[in-house]
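Here is the structure we will look at.
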Amino acid sequence: MRTIYFDNNATTQVAPEVFEEIRPYFCQLYGNPSSMHNFGGQVGVKIRQAREKVAKLLGCEPGEVIFTGCGTESDNTAIAGTLSARPNRRKIITSRIEHPAVLSVCRQLESHGYEVIEIGVDSKGRLDFDEFEQQVDDETAIVTIMYANNETGVIFPVERIAELCREKDVVFHTDAVQAIGKIPINLSESNIDLLSLSGHKLHAPKGIGVLFVRKGTRLTSFILGGHQEGGRRAGTENVPGIIGLGKAAELAMQNFDEENNKVKRLRDKLESSILKSCPDSRLNGDVDNRLPNTSNISFEYIEGEAILLLLDKYGICASSGSACTSGSLEPSHVLRAMGVPFTAAHGSIRFSLSRYNTEEEVDFTIEKMPGIINRLRELSPFVTKPV
Amino acid sequence: MWEYTDKVKDHFFNPRNVGEIEEPDGVGEVGSLACGDALKLTFKLDKNGRIKDAKFKTFGCASAIATSSVLTEIIKGMTIEEAAKVTNKDIAEYLGGLPEQKMHCSVMGREALEAAIENYRGEGAKKHELEGKVVCNCFGVTDKEIERVIIENDLRTVEEVTNYCKAGGGCGGCKGEIEKIIKRIQGDKIKEPREPAKHHSRDLRNIEKMQLIQQTINEQIRPALRAHGGNIELIDVEGSKVIVAFRGMCAQCKLTEFTMKDVVEAKLREFVAEDLLVEEDKDSANEPHHHRA
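And the structure:
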């Protein structure tokens, strides 16, 4: 059975071009870039080129790009490194709908005596900017707020946030794992101090991330050891990962407009058709300010895991914010923060597309969806009218 | 991805006996939309008093649907007396087992069956009457219900109880009480908790003890309380007496005396010293909360 992959916010296919690019770096060009001999040194050159490509995608200087092990490491480093560089400030501002890579760190810091403010969102998942404005003060060490949300795709006004932080001399970090590669960004015209990205969300392999650190931003190193990454992140480089991310960044730039138009069109088609053909379904998140690839739809009276398993039967991959899929007993913290009723949160499905999806895949899913939803509604004790 | 048995998958993809029997002899409804699963069971008897037909409607995940489907198959042909003896374990076993975290689905099946039998016997409304005192407010689970899953499934830990009936899976505020119920029922059967770190309890200097208490509160206790809008502050340590104050939601919570103190005490005994006693400082309960303690 073929796989229809609509779970690209979880991870993406490695682009074939990326795979070709990194293939030699396992069995042939396996040298250590730190070595003195040319065999290793030639790898160092490739790493420099990859750094330049990533810098170009971000609109920053190559020296501002630090390669890390993953997005989570970038987030952890940004927060912990800033706090330890600014020991006199004891307040952290974040949002209620951050990824656990940020939220768990903040909550742990809270138990160590930091004051942590979690800014709320409205029913469309938009940040309460007024609350944020009131909270930023000269006690604040760091503001860490995501660029775009992984579950709904809603984009936050990070540039406005960054500007305010700059005024108050507060470091601003943004987890841009879901945004990079999907929407253009230019850090040279931005006030963002720190930014995290993850390779496997933009068709590079897993196990490679980046932390952008703006020149002049004080950050204490998190992983200590050798002199790699200018001493800011020790550990022998993940050479294939770095080279692969460089290639993926290049591809993302080449494909921005065309891919995003195509992906967005497919997403819109999938979304509007499902909302039309499945009664009692609703869209979660701000329609006007979203990533072009993400759609989060709630189906009332039925439960997300059951929907996913029926989709899986057709080879369709998606994800859900229901309690059952996470192994916890409560549904997604993002949907709850938005005030989505439990009834709808339990039945939420996220479709996230990529440039590898086709019209035919979208049509197939549109065709199968009503049957799946009706089938579960027939089982549901909360549906009394015939479906 | 959950690892479901073939039998679970079969009953999820091809559920048996879906629907509602008209003019049923027994109706049982449990669960709710908010809880994430709900089941309505109806059955009809033949003239010999055996269950002739049973049907279900279920809102929930794959294992909830499979459990309901299999339940209708199990009880068909049974007398009411026989059906009343069906346990959640029987249901899970019939499916070749369920993932630990999904065991509550089998309990929901048994509850619905019980409610339907009660309804048939005219003992109550078709809504399952809650028996006992509510322990877990998040999911509305009573002490009787918790006792029952512990006994029927020989459960030994709070985590297991959460897997089987959801109690303790929301804010976690009732975990202390669940632990007490487990202790009461299982008694000696519970393995002695890990040897409390002896190097701690042996000869802690005062300053070490205080630091450890503070550290334990910071790392082990506060995060759980923060999760539902509460907080705790260490006020003082006098010998083996630890004086704390509860803040935020915890301060107004009527259950404070009963659960929070127990959780705090259990954690402090586990990580610091066996002889510690926790007392609540009532005087400071109304003071504003200081973030930078």
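As they're listed, the protein sequences go chains A and B. Under this note's numbering, the residues of the first sequence are numbered 68 to 454, in order. Under this note's numbering, the residues of the second sequence are numbered 1333 to 1625, in order. Every residue gets a Cβ at the ideal spot worked out from N, C-alpha and C, and that includes glycine. Please read all numbers here as calculations on a predicted model, not as lab measurements.
Item to check | Cβ-based burial, residue 1405 of chain B [other Cβ within 10 Å; buried from 16] | outcome: By the 10 Å Cβ count, residue 1405 of chain B comes out exposed.
Checklist entry - Helix, strand or coil: which one does DSSP assign to residue 1531 of chain B? => result Residue placement at residue 1531 of chain B cannot be trusted, given a pLDDT of 45 that sits under 50; the coordinates are not used to answer.
Next on the checklist: Under DSSP, the beta strand (DSSP E) around residue 1577 of chain B begins and ends at which residues?
Outcome noted: 1573 to 1580
Item to check | Below-9 Å beta-carbon distance, residue 201 of chain A vs any chain B residue | outcome: no
Checklist entry - Within 9 Å (strictly less), CB to CB, does residue 1550 of chain B reach chain E? => result Included in the structure are the protein chains A and B, with no chain E among them.
Next on the checklist: Helix, strand or coil, according to DSSP, for residue 164 of chain A in the structure here?
Outcome noted: coil
Checklist entry - So, helix, strand or coil for residue 1378 of chain B, using DSSP? => result coil
Checklist entry - Which term fits residue 372 of chain A, buried or exposed, when burial requires 16 or more other beta carbons within 10 angstroms of its beta carbon? => result buried
Item to check | Assumed close pair residue 284 of chain A, residue 261 of chain A - CB separation to whole angstroms, cut-off 8 Å | outcome: The Cβ separation is near 6 Å, so the contact holds.
Item to check | Positions along the region 1367 to 1388 of chain B whose CB lies within less than 9 Å of some CB in chain A | outcome: Within the region 1367 to 1388 of chain B, the qualifying residues are 1367, 1368, 1369, 1370, 1371, 1372, 1388.
Item to check | Runs of alpha helix (DSSP H) lying entirely within the region 223 to 307 of chain A, each at least 4 residues, in chain order | outcome: 225 to 234
Item to check | chain B contact residues for residue 448 of chain A, given Cβ-Cβ distances below 9 Å | outcome: 1352, 1361, 1363, 1370, 1371, 1372, 1388, 1389, 1390, 1391
Checklist entry - How would you write the range of the beta strand (DSSP E) that residue 432 of chain A sits in, first residue to last? => result Per DSSP, residue 432 of chain A belongs to no beta strand (DSSP E); it is in the alpha helix (DSSP H), 426 to 446.
Next on the checklist: Here's a check: name, in chain order, each residue in its chain whose Cβ is nearer than 7 Å to the Cβ of residue 82 of chain A, leaving out the five neighbours to either side.
Outcome noted: 270, 315, 318
Checklist entry - Would residue 1531 of chain B be called buried (16 or more neighbouring beta carbons within 10 Å of its own) or exposed? => result At residue 1531 of chain B the pLDDT is 45, less than 50, meaning the model places this residue with poor confidence; the figure from the coordinates comes in the next sentence. Label assigned to residue 1531 of chain B: exposed.
Checklist entry - From residue 313 of chain A to residue 1593 of chain B, what distance separates their C-alpha atoms? => result 55 Å
Checklist entry - According to DSSP, is residue 1351 of chain B helix, strand or coil? => result coil
Checklist entry - Given that residue 174 of chain A touches chain B, what residues does it touch there, using C-beta distances under 7 Å? => result Those within 7 Å of residue 174 of chain A in chain B are 1555, 1558.
Item to check | Whole-number beta carbon distance between residue 249 of chain A and residue 360 of chain A, since they are thought to touch under 8 Å | outcome: 6 Å
Checklist entry - What in chain A is Cβ-close to residue 1356 of chain B, meaning under 8 Å? => result Chain A residues near residue 1356 of chain B: none, gap ~14 Å exceeds 8 Å.
Checklist entry - Near residue 111 of chain A, which residues of its chain fall below 7 Å by C-beta distance, leaving aside the five closest residues on each side in sequence? => result For residue 111 of chain A, same chain residues with a beta-carbon under 7 Å away, outside a window of 5 residues either side, are 100 in chain order.
Next on the checklist: When you compare the CB positions of residue 432 of chain A and residue 337 of chain A, do they come within less than 9 Å of one another, or not?
Outcome noted: yes
Item to check | Under 9 Å from the C-beta of residue 1465 of chain B: neighbouring residues of chain A | outcome: Chain A residues near residue 1465 of chain B: none, gap ~21 Å exceeds 9 Å.
Checklist entry - Whose C-alpha, out of A:183, A:179, A:148, A:88, is nearest the C-alpha of residue 206 of chain A? => result In this structure, A:183 is the residue among A:183, A:179, A:148, A:88 with its C-alpha nearest to the C-alpha of residue 206 of chain A.
Next on the checklist: Closer than 8 Å to a non-hydrogen atom of the ligand FAD - does that hold for the CB of residue 135 of chain A?
Outcome noted: Inclusion of the ligand FAD in the displayed structure is not the case, the ligand content being empty and no account of it being possible.
Checklist entry - Which residue from B:1558, B:1426, B:1386, B:1357 puts its Cα closest to that of residue 1342 of chain B? => result B:1426
Checklist entry - So which residues on chain A does residue 1424 of chain B lean against when the C-beta distance must stay under 8 Å? => result Ordered by position in chain A, no residue passes the 8 Å Cβ test against residue 1424 of chain B, which lies about 16 Å from the chain.
Checklist entry - Span of the beta strand (DSSP E) holding residue 399 of chain A? => result Residue 399 of chain A -> no beta strand (DSSP E), and no H or E assigned at all.
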